[in-house]
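First the structure, in the form of structure tokens, and then the observations on it.
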Amino acid sequence: MLKKLIAGAVAFMLTFSAVGVTREAHAQEDYTSQARQLDKLAYEGDDLGAVYSPENTVFKVWAPTASKVELKLYKTGSDQEKNAGLIAQSPMEYNPENGVWTVTKQGDLNGVYYTYLVTVEGKTNETADIYAKAAGVNGERSMVVDLDATDPDNWENDRHILFDHQTQATVWEVHIKDFSSSPSSGVSQDNRGKYLAFTEEGTTLNGEGEVPTCVDYLKALGVNCVQINPFYDFGSVDESKTDDQEAFNWGYDPKNYNLPEGSYSSNPYDGAVRIREAKQMIQALHDAGIAVVMDVVYNHTYTGEDSFFNKTVPNYYYRFHEDGSWANGSGCGNDTASERAMYRKFMVDSVAYWVEEYHIDGFRFDLMGLHDVETMNAIREKLDSFENGEKLIMYGEAWEMAQATDATMACQDNMHLLNERIGAFNDGMRDILKGDNFQAADIGFIQGRGAPSLVKKGIKAATDEWARQPSQTVSYMSCHDNMTLYDKLVASVLGEKEDYRARNEQLVQMNKLGACALLTSQGIAFMLAGEEMARSKDGDHNSYQSSVQLNQIDWNNLALYGDLAAYYMGLLAIRNNFAPFTQDDNTSVAHMVFYENTDKHVVAYTLENTVTNATQWDAVTVLLNSNTDKDVTVQLEGAAANKDWVIVADGQSAGLTSLGEITDGKAVLPRSSAMVLVDKESFARVKLDADLSLQQVLQNAAGTVEEDASQAQASSTAQQQTGAGAQFFTGHGVLWLLGAAAAAVVAIAGFVFYKKRKNKK
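Spelled out as structure tokens, the structure:
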């Protein structure tokens, strides 16, 4: 009884204390004090939103500052649709003990749309349900949904794709529209840029029936995990323009967190369709043995003042400065407050819902550094509570960007406070390998810069810096933000005004060098979709709302850069078959022996296998030469000098078969190249089985293009103009003048049949 009286008093005080106070006069002290009072009314139940059954639906919304809340039921998701109209409007009952308003409506309401009318300080706002599981077009009205009816066939047998260690994931980051919008994807026209593109089997380059694309390609490539850019409901694309193939946005502008985006569905007007088709996408990836990591953006919303959160409980879910202005560490104008009890609960509930209902295998947290440590650890704890939940993947951007809060944030400096299975992107490795991410002309290791000590830190997954162990590190060179890797190479080596889509042998060699450094490093290996085929966005460093044509993957690059894709494929096979590369703890880091007597542009180390039995190789040596003007001879050091070695990767090829042997303890590395060696004894003993047949298809394609281009440019000099004072080697610098389309036509003749937001840090 005392609890009820106190709760009622708190609710009464909060409802009326702010009368007459404008947002502009809203001081941080007042905000913090009032928010903490609201935290005392935090609801612990798991039934917020619309809980459906065929007999009735129970609606619950947490709105402790409201003086009145009503439920409105609609026939359609918008007034522009046929038969639109209001069905009913009903008052909701308030519970002062927990701040929850409730109403139960009898009958089967599946497919009925609804909103809440929330009155605070005399002002009434109509808002969607922040806990909505379905919505109409553009997400303005929530929808009651029978989730069981949205399950695709055999959904009950769909299973998570999980790894013993999250460092075993090799992540391929992709945007749903980028994946299949190009006709070169081979996807049927109706499904291009949609969820259902992922469900199409047997897709091939330009529909020619020879070179696999899309999911079939990923299976052959060796990628075991995709990170899909935001596909919750976001606000920047008008879903009503279903025929507008040009409507594009990355989607980092959340509107409804717990339901899929409608523009990727075949029918955005029916709230159930997007749910079913998103599940079909996930199911298809799981059937291919590929895990799905969901890109989530809980750090800000599409709008602030008019967001569904702010219409429901004004000023509670966000951070404010002392002058009453909105905190803007995100650069998007309205930082959310993860330290608030009910927003923390919302985040935990949301990720749990996606795991349970959609079988999501992991999460990438946008601007994770804007969330507090306690919340991120609470999410990890919730994920761990599921069966095999400790194997669900979790990582994010741990940049230090927070404003207007005294909470301890989940940034790199605080990784020691986070669960060891929460990872963070290693921007240090990114920048040392390819150059400063925000300076187009800056070069990194792979373009000829030295700094081997910094490269070693990256290879060790920042474990001697901010990470406790490799499971806390995402190792990468490129992602959706900033330039693609190949564009960065063009800008930094040739200049920003060059043709970004022309093949250049020097840059391809640098790309291969970077790939070897990345895929033999510790941590979660991560790449932007198409990095392995020299994907370009014509130098656009922030393509969040650029055209579909600019952003889409041009699958014709599998012809022009088939050798590069084959190289990635071989490296992935090496990585996936040598457990010391993918340990989540520091076992491998402790057994890395870096060579001391090397050229300043060389990184070399031997890694002994202390984690697996005789079914894998005993030792691997990795050699990286970033010299752009000379070959180098590396003397193997320590115990490695007395062994014979088999080459499984060099500057041109990579895989599980022998490319030659080293028997004198010396390895000759051509300029801008890498080498991976396996000790001869275990190489002979261990028989690895991997289907790398796609490699030959890709190499044949690249060989056809190279031969044609070489004949056309036999007199061309190989020395190229430099963009940052770097020197480059001769003999490999053919400048490709063939356009991508022409190159693809030439290449296809040689194919062997193979069927099978806004800107942020």
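Going letter by letter, the sequence shown gives residues -27 to -1, 1 to 734 in mature numbering (1 follows the signal peptide of the UniProt record, and there is no 0). A virtual CB, placed ideally from N, CA and C, is assigned to each residue, including glycine. Please read all numbers here as calculations on a predicted model, not as lab measurements.
Residue i beta carbon near the ligand PLP (any heavy atom closer than 7 Å)
i, result
"G304", "This structure lacks the ligand PLP; in fact it carries no ligand of any kind."
Close beta carbons around residue i, own chain, < 6 Å, minus the five adjacent residues each side
i, result
"A699", "Unreliable positioning characterises A699 in this predicted model, as indicated by a pLDDT of 34, which lies under 50. The coordinate reading is nonetheless provided below. These residues qualify, in order along the chain: I416, Q420, G421 and T601."
"Q79", "N29"
"residue 736", "As displayed, the chain neither begins before -27 nor continues past 734, which places residue 736 out of reach and without an answer."
"Y289", "A8 and L11"
"G638", "L609 and A614"
"M341", "G369, E370, A371 and A383"
"H259", "D131 and I134"
"E569", "none"
"T606", "K639 and V641"
"N56", "K48"
"P241", "V110, E212 and G235"
"V428", "I405, F418 and V576"
C-beta neighbour in chain C for residue i, strict 8 Å
i, result
"T177", "The displayed structure is made up of one protein chain only, and chain C is not part of it."
Reference residue i, options the options, closest by Cα
i, options, result
"E54", "R114, W372, K33 and F359", "R114"
"A107", "L11, A251, T97 and S161", "A251"
"Y205", "L178, Y168, T215 and G297", "Y168"
"Y368", "I497, F281 and T5", "I497"
"E488", "Q442, D511, S157 and L537", "First, the amino acid is wrong: residue 488 is Ala here, not Glu. When each option's Cα is compared against that of A488, the closest is L537."
"T88", "Y316, A61 and A647", "A61"
"residue 736", "E373, A397, T381 and S494", "Because the chain spans -27 through 734 in this model, residue 736 falls outside it and cannot be assessed."
"I149", "N202, S157 and T123", "N202"
"N231", "T172, W327 and K660", "W327"
"G523", "G84, F221, N550 and G159", "The residue asked about is misnamed: residue 523 is Leu in this sequence, not Gly. Ranking G84, F221, N550 and G159 by Cα distance to L523 puts F221 first."
"G396", "T140, N582 and M483", "T140"
"N598", "S645, T381, M542 and S40", "S645"
"Y4", "A435, T378 and M483", "T378"
"A310", "V566, T172 and T381", "T381"
"Q376", "Y449, D437, G302 and E438", "G302"
"K407", "S26, K433 and S465", "S465"
"E347", "D472, Q669, L462 and K318", "K318"
"S153", "N164, V144 and N387", "N164"
Cross-strand partners of residue i (DSSP beta bridge)
i, result
"I497", "V447"
"L596", "A577 and M648"
"C198", "V144 and A264"
"E66", "T75"
"D206", "N229"
"P185", "T177"
"I620", "L650"
"I635", "W618"
Where the alpha helix (DSSP H) through residue i begins and ends
i, result
"A23", "It is not in any alpha helix (DSSP H) - A23 instead sits in the beta strand (DSSP E) that spans G22 to Y25."
"Q608", "Premise fails: Q608 lies in the beta strand (DSSP E), V605 to Q608, not in any alpha helix (DSSP H)."
"M315", "A314 to Y331"
"T285", "F281 to T285"
"R403", "D400 to K407"
"residue 742", "Outside the displayed range of the chain (-27 to 734) lies residue 742, so it cannot be described from this structure."
"T560", "T560 to A563"
"N350", "V346 to D357"
Residue interval of the beta strand (DSSP E) (run including residue i)
i, result
"G369", "I366 to G369"
"M542", "No beta strand (DSSP E) holds M542; the alpha helix (DSSP H) holding it covers G535 to N549."
"T457", "That residue, T457, is in no beta strand (DSSP E); it is neither H nor E in DSSP."
"L642", "K639 to L642"
"E43", "K41 to Y47"
"V34", "N29 to W35"
Own chain, CB closer than 8 Å to residue i, minus 5 neighbours either side, in chain order
i, result
"W299", "G277, Y291, R292, F293, G306, N307 and D308"
"E43", "Q62, S63, P64, M65, Y89 and L90"
"Q694", "Caution applies to Q694, whose pLDDT of 32 falls short of 50 and renders its modelled position unreliable; the model cannot decide the point."
"V659", "A587, T588, Q589 and W590"
"H138", "S444, T555, Q556 and D557"
"S631", "V619, I620, V621 and F656"
"L665", "M542, G543, A546, G628 and L629"
"N361", "H133 and L135"
"P227", "P203, Y205, D206, F207, G208, V270, Y271, H273, T274 and Y275"
Own chain, CB closer than 7 Å to residue i, minus 5 neighbours either side, in chain order
i, result
"V265", "V199, I201, I255, L258, I333 and D334"
"V24", "T30 and V31"
"L661", "N550 and L629"
"D119", "Y25 and N83"
Touch test, the stretch 354 to 368 against the stretch 284 to 300, Cβ-Cβ under 8 Å, three pairs minimum: Result no; under three Cβ-Cβ pairs closer than 8 Å.
Would the stretch 503 to 511 count as touching the stretch 456 to 463 if we require 3 or more Cβ pairs under 8 Å? Three or more beta-carbon pairs separated by less than 8 Å link the stretch 503 to 511 to the stretch 456 to 463, which places the two stretches in contact.
Does the stretch 205 to 218 come within contact of the stretch 188 to 195, defined as at least 3 CB pairs closer than 8 Å? The answer is no - the stretch 188 to 195 does not touch the stretch 205 to 218, with fewer than three Cβ pairs under 8 Å.
So, do the stretch 646 to 655 and the stretch 617 to 631 have three or more beta carbon pairs nearer to each other than 8 Å? Verdict: yes, contact present.
Is the stretch 181 to 190 touching the stretch 548 to 560, taking contact as three or more C-beta pairs under 8 Å? The stretch 181 to 190, when compared against the stretch 548 to 560, does not touch it at the 8 Å Cβ threshold.
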